[in-house]
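Enquirer:
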Amino acid sequence: MELRELKYFIAVVKNKSFTKAAEDLHVTQPTLSKVVKSLESEFDAALFYRYPRHIELTDVGEIVYAQALKMLSIVEELDTALEDVLQMKKGTIKIGMPPLIGILYLPKLLKGFQERYPHISIELVERGANIIKELVADGVLDIGFVMLPADENDFQVIPFASQDLMLIINKSHHLAGSKEISLRELANEKMLLFSQDFTLHDRIKQECEQAGFTPQIAYESSQWDIISQMVEYNLGVAMFPKSFAEKINQEKVKAIPIVKPQIPWELVLIAKKDRYMSHATRGLIGFITSSHSNLE
Numbered sequence: 007m008e009l010r011e012l013k014y015f016i017a018v019v020k021n022k023s024f025t026k027a028a029e030d031l032h033v034t035q036p037t038l039s040k041v042v043k044s045l046e047s048e049f050d051a052a053l054f055y056r057y058p059r060h061i062e063l064t065d066v067g068e069i070v071y072a073q074a075l076k077m078l079s080i081v082e083e084l085d086t087a088l089e090d091v092l093q094m095k096k097g098t099i100k101i102g103m104p105p106l107i108g109i110l111y112l113p114k115l116l117k118g119f120q121e122r123y124p125h126i127s128i129e130l131v132e133r134g135a136n137i138i139k140e141l142v143a144d145g146v147l148d149i150g151f152v153m154l155p156a157d158e159n160d161f162q163v164i165p166f167a168s169q170d171l172m173l174i175i176n177k178s179h180h181l182a183g184s185k186e187i188s189l190r191e192l193a194n195e196k197m198l199l200f201s202q203d204f205t206l207h208d209r210i211k212q213e214c215e216q217a218g219f220t221p222q223i224a225y226e227s228s229q230w231d232i233i234s235q236m237v238e239y240n241l242g243v244a245m246f247p248k249s250f251a252e253k254i255n256q257e258k259v260k261a262i263p264i265v266k267p268q269i270p271w272e273l274v275l276i277a278k279k280d281r282y283m284s285h286a287t288r289g290l291i292g293f294i295t296s297s298h299s300n301l302e
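With the sequence shown counted from 1, adding 6 to any position gets you my numbering.
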């Protein structure tokens with residue numbers, strides 16, 4: 007059994023198709039089928055149920071797939087460790103971030119880091135915090151910015167920033183004259199939330215329920231600018247961290263502090279525990295923790 011064979015097998019599982027996997031691997035389908043047949047002969051068991059229009063893993067296939075992922079992960083970690091030693095911190099860092107992070111902090115952070123480490127490339131994945139946690143846990147991302155909570159049994163959790171959420175409201179709204187808002191006052195308001203991929207979505211719903219009501223969700227979106235524009239058109243109210251409130255259209259929209267309760271937006275950087283961390287990734291984490299206080 008060779009690593010190449012395991013990589014081919016994993017590609018078939020992920021694509022759920024020999025044809026699509028062969029295209030991704032740039033090999034012929036007969037070659038790919040031959041490799042999988044070789045593995046099945048070695049294990050003396052079928053790895054797939056082959057139907058006319060689809061394939062499914064057998065029980066043996068499920069076990070082989072789970073162990074193959076672990077084996078390839080170990081090899082990739084070895085490659086990364088050797089790359090650090092041989093290439094002196096050259097490499098790629100994959101970072102996950104919710105949209106608001108890119109707006110508020112990322113450009114200045116990346117500029118400073120790449121001036122210091124010009125040979126390190128950075129890949130950005132913009133998703134909701136719930137998805138980012140999954141991708142970091144699976145090893146797809148090296149690190150990620152997320153909103154608390156984050157499981158400290160699974161992740162190394164590094165504090166980054168903390169702000170209170172503000173109510174974002176159209177200036178013509180009947181509550182726009184308020185100097186502060188209690189959450190209970192929003193019981194009958196239409197709310198604009200980030201989609202369910204975002205921790206902020208769950209947090210706002212939980213806070214509303216603890217305040218004694220179920221929020222009336224008018225729209226959900228993964229885009230901060232869409233939500234902001236919906237507020238401009240008075241389609242509902244939204245909640246954003248304080249520093250973002252300074253970037254909204256002040257002519258049409260107003261930001262009001264939320265009290266009773268105050269809702270903290272606690273931003274952290276997470277990395278998977280018990281997984282090798284490259285020198286490049288360590289360098290970025292060190293740079294972020296030493297410089298983020300200047301970005302507030």
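Note that CB positions come from ideal geometry on N, CA and C, so glycine has one too.
1) Determine the direct distance from the alpha carbon of Ala-27 to that of Asn-21, and round the result to whole angstroms.
2) Where does Met-103 fall in DSSP's three states?
3) Quick check on DSSP: helix, strand or coil for Asp-213?
4) Answer with buried or exposed for Met-94, where buried requires no fewer than 16 other C-beta atoms within 10 angstroms of its C-beta.
5) Would you grab the beta carbon distance between Pro-263 and Met-172 for me? Rounded to a whole angstrom, and I think it's under 8 Å.
6) Looking at C-alpha atoms only, which residue of Ser-44, His-285, Ile-149, Ser-47 is the closest neighbour of Gly-102?
7) Tell me, please, which residues DSSP counts as bridged to Arg-348.
8) Could you tell me the boundaries of the alpha helix (DSSP H) in which Met-236 lies?
9) Report all residues from its chain with a CB closer than 7 Å to the CB of Val-218; omit the five preceding and five following residues, and keep chain order.
10) Quick check on Ile-294: buried or exposed, where buried means 16 or more other Cβ atoms within 10 Å of its Cβ?
11) In the structure shown, what three-state DSSP assignment does Asp-148 receive?
12) Rounded to a whole number of angstroms, what is the C-alpha to C-alpha distance between Ser-168 and Gln-222?
13) Thinking C-alpha only, which one of Lys-260, Phe-166, Ala-182 is nearest Val-274?
14) Using only CA atoms, which one of Asp-231, Pro-267, Leu-110, Phe-161 lies nearest to Asp-170?
15) Go to Ala-17, then tell me how far its alpha helix (DSSP H) extends in each direction, as first and last residue.
Expert: Considering the structure as presented:
1) To locate residue 21, count along the sequence shown from 1; it is residue 15. To locate residue 27, count along the sequence shown from 1; it is residue 21. Taking the straight line joining both Cα atoms gives about 6 Å.
2) For the purposes of this step, residue 103 is taken as residue 97 along the sequence shown, with counting starting at 1. In the structure shown, Met-103 sits in a strand (DSSP, three-state: E or B).
3) Residue 213 sits at position 207 when you count from the first residue of the sequence shown. Sequence inspection shows Glu at residue 213; the Asp mentioned does not correspond to that position. The answer is helix: DSSP assigns Glu-213 an H, G or I state.
4) Locating residue 94 in the sequence shown gives position 88, counting from the first residue. Confidence at Met-94 is low in this model, with a pLDDT of 47, below 50, so the placement of that residue is unreliable and no value is reported for it.
5) Here residue 263 is taken as the residue at index 257 of the sequence shown, counted from 1. Here residue 172 is taken as the residue at index 166 of the sequence shown, counted from 1. Cβ-Cβ separation between Pro-263 and Met-172: approximately 6 Å, consistent with a contact (criterion under 8 Å).
6) Walking along the sequence shown from the start, residue 102 turns up at place 96. The residue with the shortest Cα to Cα distance from Gly-102 is Ile-149.
7) Given that the chain is displayed from residue 7 to residue 302, the structure contains no residue 348 and the question cannot be resolved.
8) Locating residue 236 in the sequence shown gives position 230, counting from the first residue. Per DSSP, the continuous alpha helix (DSSP H) segment holding Met-236 begins and ends at 230-238.
9) As a working note, residue 218 is residue 212 in the sequence shown. The sequence given here places Gly at residue 218; Val does not occur at that position. Taken in chain order, the residues that qualify are Arg-190.
10) As a working note, residue 294 is residue 288 in the sequence shown. Classification of Ile-294: buried, given that the 10 Å Cβ count is 16 or more.
11) Working through the sequence shown from its first residue, we reach residue 148 at position 142. Looking at Asp-148 - three-state DSSP - the assignment turns out to be coil, as it is neither helix nor strand.
12) The residue labelled residue 168 in the question sits at position 162 within the sequence shown. The residue labelled residue 222 in the question sits at position 216 within the sequence shown. Taking the Cα positions, Ser-168 is about 27 Å away from Gln-222.
13) If you number the sequence shown from 1, residue 274 lands on position 268. Nearest in C-alpha terms to Val-274, of all of Lys-260, Phe-166, Ala-182, is Phe-166.
14) On the sequence shown, position 164 is the one that residue 170 refers to. Nearest to Asp-170 by alpha-carbon distance, out of Asp-231, Pro-267, Leu-110, Phe-161, is Pro-267.
15) Along the sequence shown, one-based indexing puts residue 17 at 11. Note, Ala-17: alpha helix (DSSP H), 9-21.
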